[in-house]
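Student: Residue 105 in the working numbering sits at position 85 of the sequence shown; the count goes up by one each step and never skips.
Built from N, CA and C at the ideal position, the CB exists for glycine as well.
Here it is, the structure, as structure tokens.
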Amino acid sequence: MRLMTKKVTVYQLVGHRFLGVNEQGDKVMIDGDQPATGPRPMELLLMALGACTAYDVVDIMRKKKQPLARYRVEVEGVRAETHPKRYTHITVTHIASGPGVTLEALERAVELSHTKYCSVSANLNAEITTRVVLEPWEGE
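Next comes the structure, spelled out in structure tokens:
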């Protein structure tokens, strides 16, 4: 079994403002100063979870031949009051619509993502709750 490794570098720009760079050279501002020029590290963690599960759900729904026309993931985290102030509970809400998309298929895609495929979710030490909202499809 071959292990996959990833490496990123985080450069301090000034104060609590940092630039994260991956091996391909993609960059993201990470900010703890005011006014902020980018998300804070803990916000990035929520974004990573949302993007990871969204990636899975989009692929699963496409394979089910129910591609999503509109889709967003809202992620809300509750943090502990004491250090290290980790997320203790995270709610991930998947909101989608599309022609022929069924609630059952969407719920199953979300379940598969969160229980089997999403590597970000698997790395978190938080209780993660999912919600699924299928909005009515009004084609454009």
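To which residues of the same chain is V153 closer than 6 Å at the C-beta, ignoring the five residues directly before and after it?
Tutor: Taking the sequence shown and counting its residues from 1, the one referred to as residue 153 is at position 133. So the qualifying residues of the chain are I115.
Student: If we count Cβ pairs, one from each stretch, closer than 8 Å, do we get three or more for the stretch 51-59 versus the stretch 26-41?
Tutor: Counting Cβ pairs under 8 Å, three or more are found: they touch.
Student: Assign T102 to one of three DSSP states: helix, strand, or coil.
Tutor: For the purposes of this step, residue 102 is taken as residue 82 along the sequence shown, with counting starting at 1. Three-state DSSP puts T102 in coil, outside helix and strand.
Student: Just to confirm, is the Cβ distance from E96 to T111 under 7 Å?
Tutor: Taking the first residue of the sequence shown as position 1, residue 96 is located at position 76. Taking the first residue of the sequence shown as position 1, residue 111 is located at position 91. Closer than 7 Å, so yes.
Student: Is it true that the CB of H109 sits closer than 7 Å to the CB of E147?
Tutor: As a first step, residue 147 is located in the sequence shown; it is residue number 127 there, counting from the start. As a first step, residue 109 is located in the sequence shown; it is residue number 89 there, counting from the start. Yes, the pair counts as a contact, with Cβ atoms nearer than the cut-off.
Student: Compare the beta carbon distance of L88 and G118 with 7 Å and say whether it is the shorter of the two.
Tutor: Taking the sequence shown and counting its residues from 1, the one referred to as residue 88 is at position 68. Taking the sequence shown and counting its residues from 1, the one referred to as residue 118 is at position 98. Yes, the pair counts as a contact, with Cβ atoms nearer than the cut-off.
Student: Per DSSP, N42 forms a beta bridge with which residues?
Tutor: Here the question's residue 42 lines up with position 22 in the sequence shown. For N42, which the question treats as bridged, DSSP gives the partners V28.
Student: List, from N- to C-terminal side, the beta strand (DSSP E) runs of 3 residues or more that fit wholly inside the stretch 66-123.
Tutor: Here the runs fully enclosed are 90-99, 107-117.
Student: Which word fits T73, buried or exposed, when buried means at least 16 other C-beta atoms lie within 10 angstroms of its C-beta?
Tutor: In the sequence shown, counting from the first residue as 1, residue 73 sits at position 53. Flag for T73 reads buried.
Student: Considering T149, what are the terminal residues of the beta strand (DSSP E) in which it resides?
Tutor: If you number the sequence shown from 1, residue 149 lands on position 129. Here the beta strand (DSSP E) through T149 covers 147-154.
Student: Is Q86 closer than 7 Å to G120 when the C-beta atoms are compared?
Tutor: For the purposes of this step, residue 120 is identified with residue 100 of the sequence shown, where counting begins at 1. For the purposes of this step, residue 86 is identified with residue 66 of the sequence shown, where counting begins at 1. For G120 and Q86, yes; Cβs fall inside 7 Å.
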